[in-house]
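Structure record follows, encoded as structure tokens.
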Amino acid sequence: MPGRLARLLVVFVAAGLAAAALAGQTRSTPAYTPPRTADGQPDLQGIWRVWGLAQHDLEPHAASYGVPAGLGVVVDPADGLIPYKPWARARRTEHHAKSRIRFPYDPLQNPDPLAKCYIPGVPRITYLGWPFEIVQSKAFVAFVYEWMHIRRMVPLTNRPVPQGIPRWGGVSRGRWEGNTLVVRVTELSDWTWLDAAGNFHSQAAVVEERYTPSGPETLDYDVTITDPDVFTRPWRIRMPIHRQRDARLLEYECHALLEDAGVPLTWERDWDAPLVIPKE
Amino acid sequence: MAERTTRLAASAAALAILWLASPAARQESQFQAGRSLAVEAAAARTLAEARTPIPRLPNGRPNFSGSWRLSGGAATYSWEEHLGGFGIASEGPTLVVDPPDGVLPYQPWALAERERRRRPEAAYEENVAKCILPGMPRMMVYNFFIAQAADKVTIFHGTHPATRIVRFDNRRPLPDSIRLWMGDPRGRWDGDTLVVETTNLNGRGWGNLGGDVISDAARIVERFRMINAGTMWWEATMTDPKVFTRPWTMRFPAPHVKIGDGPEDVDLDFEDSCHEGNVDLEHLKNLYDQARKK
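These protein sequence lines are chains A and B, in that order.
When the letters of the first sequence are read in order and numbered with this note's numbering, they come out as residues 24 to 303.
When the letters of the second sequence are read in order and numbered with this note's numbering, they come out as residues 28 to 321.
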């Protein structure tokens, strides 16, 4: 049995490498040359938003109440499915079932961390559908999100990553590769989901985001998620981010609105139950 | 495996710290931990006398970029002079410089409302206890980092972080129907003074833990003025015809000092997971509910 598993693993890893190599080739280099900041960096500043269905489910999905059907945003593997290990796929299915809207609706019974207004994590915050503003300086790129006044300072320096303390939003470090801003996010907690369908990762996850200006009004958003505890291989999602010329960054103070809607904020905080990774 | 155990232990320790530090306690700790406010205020005043030139942008405007820390006391408990006591860690001077007597020109109903808020059962109504944004001008008691460009000044507030992106394009004010905890800031220059005018507040935030009152009619005019490369005075004039009988101005008793050029000095990697770990709210709600039953 262990031998068979090992063989399977080899096949998976080989397939993963091949797919990654292929993905590397097909990752297009947009011809667009963005304007530069005063510091000479590609200028990504402005208000942005993802109009899309990734917030509901990264995978292909049928419609459900309040959720339009969608083809998914997973571009690698080619079948559009997240390469879960079997136990993790089962857990995801359970998440999905428990997070469907049933009336009368009680947000506290919904296992989606967002139902209680907890921090969405990366990359979910990007495609949540709320706008965010990018502010650049020589040493960092700041992402200022309307959702719950979250912000992410991405240093472009070799600042060491504090180890061993997982955070809802992880710890981000950025670099420029040509016109592409590459952000590597580590130290992510396992308390967040990747979408409202219950897709998830563990604390071992490494999220690499690539923001490439593909025109004056769009960024190409390409994210690779690697997590050997949960997935059999790295996988990628990809979607456009749209500039919001007429928008203003306002406020979505989620938990204040939840309280206004009649839910006192006094529930027992139970998110800290650690994700148990089954031994193989 | 050992690494994983260490990691788990570290996370558990971090969580324990989060649990222990209630929002109010954390807020307070910023001013207590290893800081002698009087000594700092004196040092800041000495620094303020140094004749170092104000840094400027290529367009000639003063460059406020950098990490700033308020030295020597803040407005955590009250804008007026107050004594230490139950729920208040230490005495403090009034921040009100106009009217000159240092007393807030409250309308009677608003003063009564502030007294009501100081009852223990009212603590549940206070926004920061629920990890809701402190709002303006309360946010200014925390440290902040400024990134300035020709077209905007971005203020990255610390502790309960919100970010204010202040533009100089004389944009249309927000519609009256849009009301925000932090309000809608618009920037302009008065010589070398950065002036930020804020309206469209929602009037729901307490001014401080002592329950000072601001309404949705408030207009806040902040003035940021650097006096040398490392020192800045901040003051704000509040006009709120629903709450006060006249406009009034507050200024911190000591200046802000610049503690670095980069954002590192205001917790670059800090995450405000306040609501996620807010476990002491039930206690406040019980007090609140019991008072209602009487």
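C-beta: ideal position from N, C-alpha, C; glycine also.
Every value quoted in this text rests on a predicted model; they were computed, and no experiment measured them.
Restricting attention to Arg143(B), Pro80(B), Glu107(B) and Ile247(B), the CA atom closest to the CA of isoleucine 254(B) is found in Pro80(B). Chain order gives no chain A residues near valine 130(B), where near means a beta carbon separation below 9 angstroms; the closest approach is about 32 angstroms. Restricting attention to beta strand (DSSP E) runs no shorter than 3 residues, the region 85-142 of chain A encloses them at 97-99, ordered along the chain. Between valine 194(A) and aspartate 296(B), the C-beta gap is smaller than 8 angstroms, which places the two residues in contact. Within chain A, the residues His172, Glu274, Glu276 and Ala279 have their CB atoms less than 9 angstroms from the CB of tryptophan 208(B), given in chain order.
Just so you know, the alpha carbons of aspartate 218(A) and arginine 233(A) end up roughly 19 angstroms apart. In this structure, the CA atom of isoleucine 247(B) is about 20 angstroms from the CA atom of alanine 281(B). Judged by DSSP in its simplified three-state form, glycine 304(B) adopts helix. Boundaries of the alpha helix (DSSP H) around alanine 279(A): 277-283. In the three-state reduction of the DSSP assignment, valine 222(B) falls in the strand class.
Scanning Ala177(B), Gly185(B) and Gly210(B) for the CA closest to the CA of serine 242(B) turns up Gly210(B). By a beta-carbon distance limit of 8 angstroms, serine 98(B) contacts alanine 68(B). Their separation comes to about 6 angstroms. Identification of chain A residues near serine 242(B) by a Cβ-Cβ cut-off of 8 angstroms yields none; the smallest Cβ-Cβ distance measures about 17 angstroms.
Taking C-alpha positions only, valine 96(A) is separated from valine 229(A) by approximately 18 angstroms. Contact check for alanine 270(A) against isoleucine 148(A) fails: the beta carbons are separated by 8 angstroms or more.
With respect to aspartate 217(B), proline 89(B) sits apart: the two C-beta atoms are not nearer than 8 angstroms. Residues of chain A with a Cβ closer than 9 angstroms to the Cβ of alanine 176(B) are, in chain order, Thr60, Ala61, Gln68, Val158, Gln159 and Ser160. Proline 263(A): member of the beta strand (DSSP E) spanning 258-266, first to last residue. With contacts defined by Cβ atoms closer than 8 angstroms, lysine 285(B) and serine 94(B) form a contacting pair. Arginine 271(A) has a beta carbon lying within less than 8 angstroms of a beta carbon in chain B.
A residue is called buried when at least 16 other Cβ atoms come within 10 angstroms of its Cβ; glycine 289(B) meets this threshold and is buried. For valine 130(B), same chain residues with a beta-carbon under 8 angstroms away, outside a window of 5 residues either side, are Glu107, Thr121 and Val123 in chain order. Restricting attention to Arg261(A), Ile124(A), Gln186(A) and Thr249(A), the CA atom closest to the CA of threonine 241(A) is found in Arg261(A). The region 204-219 of chain A makes contact with the region 185-193 of chain A: 3 or more CB pairs, one atom from each, lie closer than 8 angstroms. Within 10 angstroms of the beta-carbon of aspartate 203(B) lie fewer than 16 other beta-carbons, which makes it exposed.
For the 8 angstroms CB-CB criterion, leucine 67(A) and isoleucine 173(A) do not form a contact.
Non-local beta-carbon contacts of tryptophan 153(A) in its own chain, meaning distances under 8 angstroms to residues more than five positions away in sequence, involve Arg72, Tyr168, Glu169, Trp170 and Tyr275 in chain order. Annotated three-state conformation of valine 299(A) is coil, per DSSP. Aspartate 135(A) counts as buried, since at least 16 other C-beta atoms from the protein chains shown sit within 10 angstroms of its C-beta.
C-alpha of leucine 94(A) to C-alpha of arginine 256(A): approximately 21 angstroms in a straight line. In terms of Cα proximity to valine 253(A), the closest of Leu272(A), Glu303(A), Leu204(A) and Asp283(A) is Glu303(A). With contacts defined as CB atoms closer than 8 angstroms, alanine 256(B) and threonine 276(B) fail to qualify as a contacting pair. Taking the Cα of asparagine 197(B) as reference, the smallest distance to any Cα among Arg146(B), Pro161(B) and Thr225(B) is reached at Thr225(B). For glutamate 231(A), same chain residues with a beta-carbon under 6 angstroms away, outside a window of 5 residues either side, are Arg207 and Thr247 in chain order.
Within the region 185-217 of chain A, Pro185, Gly187, Ile188, Pro189, Arg190, Trp191, Gly192 and Val194 place their CB atoms closer than 7 angstroms to a CB of chain B, listed in sequence order.
For arginine 72(A), the enclosing beta strand (DSSP E) has its first and last residue at 69-72.
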